[in-house]
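Here full-length UniProt numbering is used: the first residue of the sequence shown is 1, the next is one more, and so on.
See below for the structure under consideration.
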Amino acid sequence: MSSLSSFAHPSTCILQQKRDSNTNRDSYARSHPGADQLPVGASTRAVEDRTCSLLRSCVSFPRLTQIHARIVRHAIYSSNLVAAKLVSACFSLDRPDRVFAHVPRPSPFLWNSMIKGYVGLGRHRDALLVYRRMLDCGCRLDNCSFTSALKACSNLLALEEGMALHGHVLKLGLGADIYIATSLMDLSGMCSQALDARKVFDHMPDKVVVAWNVMLHSYARLGMMRLAEQLFEEIPLRNVNSWTALICGFLECGDLSESIVAFHRMQLYGLKPDKVMVVTMLSAIADLGMLDSGKWFHEYVKKNQIAIDAYVGNALIDMYAKCGSIQDARLVFDGIIQKNISCYNSMIFGLAAHGLGEEALDIFTEAERTMTAVLTACSHSGLVEEGLKYFKTMRNVYGIEPKKEHYGCIVDLLGRAGRFNEGMQIIETTE
């Protein structure tokens, strides 16, 4: 494998060929004695199972380095099972750049896992960088490679790159793959190319419900509701996602009455909305300021025992605040057992907008305490990157100025992870 020195991005510059001689494996493992806990002579499957278990419970990068010693010593980096857990561990620690440093000869499975992982994190450009490197290295590409790469293109609205991907798909004879075709449809729809999406759709020999829904979403997203309705009536087996696409399309066009008609019609088929539809409906009602519709929908949620968690609760708070009923917003807020910071944010803005400054400050103080609890939980659970992310968003996103207790939590978080230099830097900035 050639080096990636031509790529400037730090997450891909470490993709380089690693030597895998027995001497190197043994010397590496001896330098990390805590990594091996299995008896001599244990079977390869036993080593893989134990390693996967350790990777699942890994909560710090130093610990990951120890576990990697086991992978090197036993030469089990070719195992797809171990590779999947290694990728998952690196991503959970926000260190995906270390995956290829741990694996001398990445398999197609591992490459695909990396592309998919970056897409899952919303790091779509990194996903495409890994895809390009996979292509340059001559590694075998398959439907998983193209599906994830096309999804990255969709999120970046990178139509030209997506079309180049499609060219590779056709060269490899994968044009009929249903997952690739569906991803290509989504890309065309996201880039406002409804006609191109329809061409792909019409050429699909077997149309699964996902393909119908993607085409429906494409029409609805572009406000082409007449075509969306026609297509909807042709769907042989509609699911909740089909109805969500239609209803959201009406809402995006500002047609709340049609969305409610479709919502009632969906219930006649015995289908219940998922949380995505509930939140979408509430957001549309909030923007239109229709309090009566909002109250009716809130009652529907309660009668149908749809859990009012932080996700749904935040939408209700926002809806009531924007529709002028701050008392109802406060009742919802007080009833949420496990509030997240977004709930506090919506409640604070709602109270402030209604001229209730003192109450807003009370909620703000409670939010500060909640952030302290969140940072403490991250510290005790070894969730370093999550804790740092919350700490950074305190001021930038939520307008909460970090206090001594917040800085103390971050220093403790970094200290537990062995990142003492970063902890010292935090201390120096507070002095």
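Note that the Cβ used here is the ideal one computed from N, Cα and C, for glycine as well.
Nearest residue (CA-CA) to residue i, options the options
i      : options                           : result
Gly254 : Tyr179, His264, Ile285 and Ser113 : Ile285
Ala417 : His380, Phe391, Glu233 and Gly223 : His380
Ser192 : Met319, Ser218, Val169 and Gly175 : Ser218
Val240 : Asp206, Glu229, Glu258 and Val210 : Val210
Pro62  : Phe420, Asp206 and Leu156         : Phe420
Cys378 : Phe391, Lys295 and Ala367         : Phe391
Ala164 : Cys144, Ala176, Tyr131 and Asp177 : Tyr131
Asn314 : Tyr344, Lys295, Phe297 and Asp287 : Tyr344
Gln327 : Leu55, Glu359 and Leu54           : Glu359
Ala181 : Tyr300, Phe146 and Leu64          : Phe146
Glu368 : Leu271, Lys322, Glu405 and Lys303 : Glu405
Leu174 : Asn143, His203, Ala197 and Gly162 : Asn143
Pro402 : Gln425, Leu375 and Glu422         : Leu375
Phe91  : Ile76, Ser78, Gly122 and Ser79    : Gly122
Leu331 : Asp206, Gly357 and Lys295         : Lys295
Ile71  : Cys58, Leu351 and Cys52           : Cys52
Met319 : Leu282, Leu227 and Ala152         : Leu282
Lys303 : Met134, Leu128, Pro273 and Cys137 : Pro273
Glu366 : Arg238, Ser60 and Asp334          : Asp334
Lys85  : His68, Asp202 and Ala127          : His68
Leu227 : Phe364, Pro108 and Arg198         : Arg198
Arg140 : Pro108, Asp126 and Ile115         : Pro108
Leu110 : Leu128, Ser78 and Leu129          : Ser78
Gly324 : Gly350, Ala310, Ile426 and Met204 : Gly350
Arg95  : Leu81, Lys151 and Glu386          : Glu386
Coil, strand or helix - residue i by DSSP
i           : result
Ser116      : Contrary to the premise, residue 116 reads as Lys rather than Ser in this sequence. DSSP places Lys116 in helix when its eight states are reduced to three.
Asn421      : helix
Leu369      : With the sequence shown as reference, residue 369 is identified as Arg, and Leu is not the correct amino acid for it. The answer is helix: DSSP assigns Arg369 an H, G or I state.
Glu401      : coil
His9        : Any reading at His9 needs caution, since the residue's pLDDT is 33, under 50, leaving its predicted position unreliable; the model's value is listed next. Three-state result, His9: coil.
Tyr390      : helix
Leu268      : helix
Cys52       : helix
Ser2        : Confidence in Ser2 is poor, its pLDDT being 32 and thus under 50, which makes the residue's placement too unreliable to answer from.
Pro96       : helix
Lys339      : coil
residue 435 : No answer is possible for residue 435: the residues shown for the chain start at 1 and end at 431.
Ile247      : helix
Ile14       : Bear in mind that a pLDDT of 25 at Ile14, under 50, signals an unreliable position, so the number given afterwards is only what the model happens to contain. DSSP places Ile14 in coil when its eight states are reduced to three.
Gly415      : helix
Gly350      : helix
Gly313      : helix
Asp328      : helix
Pro273      : coil
Arg226      : helix
Asn22       : Residue placement at Asn22 is poorly supported in this model, since its pLDDT is 35, which falls under 50; the coordinates still yield a value, given next. Looking at Asn22 - three-state DSSP - the assignment turns out to be helix.
Ala360      : helix
His203      : coil
Arg30       : Bear in mind that the predicted position of Arg30 carries a pLDDT of just 44, short of 50, making it unreliable; the figure below should be weighed with that in mind. Helix, per DSSP.
Pro39       : Bear in mind that the predicted position of Pro39 carries a pLDDT of just 47, short of 50, making it unreliable; the figure below should be weighed with that in mind. In this structure, Pro39 counts as coil in the three-state DSSP scheme.
Met290      : coil
Pro106      : coil
Val208      : coil
Val75       : It is Ala, not Val, that sits at residue 75 in the sequence shown. In the structure shown, Ala75 sits in coil (DSSP, three-state: anything other than H, G, I, E or B).
Ala69       : helix
Ala307      : coil
Pro236      : coil
Ser148      : helix
Asp186      : helix
Ser192      : coil
Whole-Å CB distance - residue i paired with residue j, under 8 Å assumed
i      : j      : result
Ile317 : Met347 : 6 Å
Ser148 : Asn112 : 7 Å
Ile341 : Met371 : 7 Å
Thr157 : Met185 : The identity of residue 157 in the sequence shown is Leu, whereas the question assumes Thr. So it is not a contact: roughly 15 Å between Cβ atoms.
Ala262 : Leu246 : 5 Å
Tyr206 : Ile235 : The displayed chain sequence assigns Asp, not Tyr, to residue 206. The pair is not a contact, with the Cβ atoms about 14 Å apart (cut-off 8 Å).
Leu268 : Met290 : Going by Cβ atoms, the distance from Leu268 to Met290 rounds to 23 Å, so no, they are not a contact pair.
Val276 : Val312 : Incorrect: roughly 10 Å between the Cβ atoms, too far for contact.
Gly120 : Val87  : No, Gly120 and Val87 are not in contact; Cβ-Cβ is about 11 Å, not under 8 Å.
Ala83  : Leu55  : In fact, because the Cβ distance is near 10 Å, the residues do not count as touching under 8 Å.
Any chain D beta carbon closer than 7 Å to residue i
i      : result
Tyr269 : Structure shown: chain D not included; a single protein chain is present.
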